[in-house]
Every structure is written in structure tokens, then in C-alpha cells.
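First up is the structure itself, then whatever we jot down about it.
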Amino acid sequence: MIVECPPASLSERKATCRAGSNIAFIKYWGVAGSGEDLNIPLNNSISMTLADAHTTTTVAWDGCVCLPEDTVVIDGVQLEGGPAERIVAHLDRLRALAGVPYKARVVSNNNFPMASGIASSASGFAALTVAGAAALGLRLNATRLSAVARQASGSASRSLFGGFVEWERGWGRGESESSSLLDTRSVAHQMYDENHWALRDVIAIVSAGAKRVSSSSGHRLAATSPLNAARTQCVREWLKTVRRAIAERDFSLLGPVLELDALAMHGVMMTSTPSLLYWQPGTLQVLQAVRSWREDEGVPVYFTIDAGPNVHLICEADSASEVERRVGALPAVERVLTSGPGTGPQFLDGHLF
Ligand code: PMV
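The numbering of the sequence shown is the working numbering, which starts it at 19 and goes up by one.
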């Protein structure tokens, strides 16, 4: 039930933010044992923030104490139970930072299917963090906002920045946890802005349905896979390759390693206990097609996959229309969404309510 508050009191503490999702070239998969609640990752990750896959969120804090509870509407649906709890927990972090008891009204819209391997939690929690903090008058820079967003969703820490972004693990192994919400040891930073390299993420949607196991539960399973230690060991070298490939805009260096880490991460997922299998028949159809276009016909395109069945085809801008045409013609592909690199979060004047 939504209790309407007097608009004047809400508008005083209202802000709207749009944040881009991001696609990781080196993935975040698995949280450090001691830092489970803080989302301290097992390894650094590197991503590109997306211009055209984004979440817009309006947050209004109820200073008149009319709302009995937080209300959250995403893509027109009011959340109840578990899905709402994760957002309420994040609102609690913002309340704690500001030292206020206010309940909030949150309305959020994605321009892409939620919870299907297009990182809606990244853009969603980045937008919620920025809008929520601003509406409370908290003056936090992007680094601090990255630390706060990380605690809701690890990948959201990267969406606080535009362009090409690295999230540092930050915490040394065995180092004690911090109870401070603003501890900035594990945060993202921008490597290069959105104009550095015209890469494209051509997203092949093979299933727009919600996934059965959320990535936040999956991170807790990574350590049960016998392949996990091997992947985190290899990632140290792969990070160096990806940093160099981005610095030099060298696509032939970037492509093989981003594909390799996606497969390594899915190997960890599939071999954890319980086993996570996010792929569907359509996923494999796209992977096989990409391999054959590249190996048999020389189309420069590589794939990566997040915690869902959809496939992200990474290519340079001059190959994007050819890749879109080919992938759109595959029977399993329901929809194609293409994005280049985008900016960090932006405030919007037009609120969603
Ligand atoms: O931020 P989370 O908990 O939704 O985790 C995202 C994990 C992957 O998307 C699979 C990989 C990544 O680095 O984005």
C-alpha cells in the first residue's frame, strides 16, 4: 500500500538519477569469506559503463513521517518481501549515514529486462545510491558513493564512473573488516572516460525472464568450486592484459581474454555446490555462431556472459552493424540491444513521481 504524503515535504528531499549498467571484461565472481556482508571481491574487475542500458530512479525521503514503511516500485511493479528487503537494507545504509529515521518512496525504471544477465543491480543500486544520498543532502564524492553502492551490489561500485573502470579488491587477505560504511579500500576508479575507445556491447537477448539464482547468492558459492582458486590465480595475469589492451585500444589483445574469463567464471559457477547453470539452448547457439563468424569469416567479435542466459557480443564500432545484423537473424535471439561506453551517473530534473 502506498500512503500519499504531502507533496511539499517529499519534494524537499527528492532527487532523480540515471546510471548506466556495465559489462565486465574481467568478472567479479565470489566474495571474500570474511567480507560477505561487505561484498569484498576475490579479485579486481574491469568493466565498461554502458550508455544505452540504464536505470532511472527517483528517491523521496518522507521528512513528515507519514509513510509507515519504505515503498519500492520497479518497472511499474510494487516490490514485496525478499526483493524489497535488499533495497530497504540499502536505504538503511543511507539512513545510517545521514542519521535520520525517514522512510522513502522509490520509483525506478530500467530500459532493459531486469535480472537477466544485463546488470540491472549495477545500474539500479548506483542510481539508488546517488539519488538517495543527494536527496538526503549527503555530500559524498564518487569514490565514497562507490564504496556505499558496493555494499548493495558489488558491480554497482563500477557504475559510479563512466567509460572504462577498474574496481580494486582493496582489502588484503586476512585484513580485518571495517564497520564503516564509508571505508574506501574496496572501490572503483575510472581508467579512461567514455571517449577513449569506441567499443560496442551488442546484447543478444535469448530470454528476458528473471534468473532463478541471483548473483548475490551465487557469490557465496564460488569458494565451493574446485576451479575457483585456479581462476582467481589466472585473473592476476588477465587483468594486466586487459589494462594494456584498453590503454592501447588493442582489440585483438582484449577479445580473447574477455572471452576466456567469461568461460572461466561460468566454469566456476557450473562446478560450485550447488551447481549454477545460467545458460539456455539459445545461449549456446549464440556462442557457436560467434566462434564461427570469427574463425571462419574473420568477423572481429568476442562474447562474454554475466549471471544469466543472455550473451554480450563485444566488438569495435565499425563492426557493430554487421554483428547486430548477424545476431538478430539467429532463431534464438528475441531482441538485440546495442550500447557504447557511457558517462557516470547523471542527475535528471524530471522526477518519476
Ligand atoms: O553485483 P552483482 O552481485 O550483481 O554481481 C555481478 C556479477 C557478474 O555480473 C556476473 C560479473 C560482473 O563483474 O559484473
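Where a beta carbon is used, it is the ideal one built from N, C-alpha and C, also for glycine. Source: prediction; values computed, not measured.
Considering Cα atoms alone, identify which of Val90, Val118, Val95 and Ala116 is closest to Val106. Val90
On the CB-based measure, 16 or more other CB atoms within 10 Å of its CB, does Pro25 come out buried or exposed? Reliability of the predicted coordinates at Pro25 is poor, the pLDDT of 46 falling under 50, and the value obtained from them is presented with this limitation in mind. That one is exposed.
Pick helix, strand or coil for Arg353, following the three-state DSSP scheme. strand
Cα-Cα separation, Tyr120 to Ala33: 15 angstroms
Tell me, please, which residues DSSP counts as bridged to Gln96. Val91
In three-state terms, what does DSSP make of Gly51? helix
Whole angstroms is fine: what's the gap from Trp215's alpha carbon to Val83's? 48 angstroms
In chain order, what residues of the same chain lie with their CB nearer than 8 angstroms to the CB of Arg312, ignoring the 5 residues before and after it? Pro318, Val319 and Tyr320
N-terminal and C-terminal residue of the beta strand (DSSP E) that Ser65 is part of: Ser63 to Asp80
Run of the beta strand (DSSP E) containing His214, from where it starts to where it stops: Careful: His214 lies outside any beta strand (DSSP E) and carries neither H nor E.
What does DSSP give as the partner residues of Lys121 in its beta bridges? Asp80
So, are the CB atoms of Ser177 and Asn40 less than 9 angstroms apart? yes
Identified DSSP bridge partners for Gly38: His72
Coarse secondary structure for Glu266, derived from DSSP in three states: coil
Rounded to a whole number of angstroms, what is the C-alpha to C-alpha distance between Glu266 and Val148? 32 angstroms
Since Gly181 contacts Thr291 with CB under 8 angstroms, what's their CB separation in whole angstroms? Wrong, their Cβ atoms sit about 38 angstroms apart, outside the cutoff.
Can the beta-carbon of Gly322 be found closer than 9 angstroms to that of Glu342? Note that residue 322 is Thr in the sequence shown here, rather than Gly. It is not a contact, given that the beta carbons lie outside the stated cut-off.
I'd like the span of the beta strand (DSSP E) that includes Gln306, first residue to last. From DSSP, Gln306 is part of no beta strand (DSSP E) but of the alpha helix (DSSP H) over Pro299 to Glu315.
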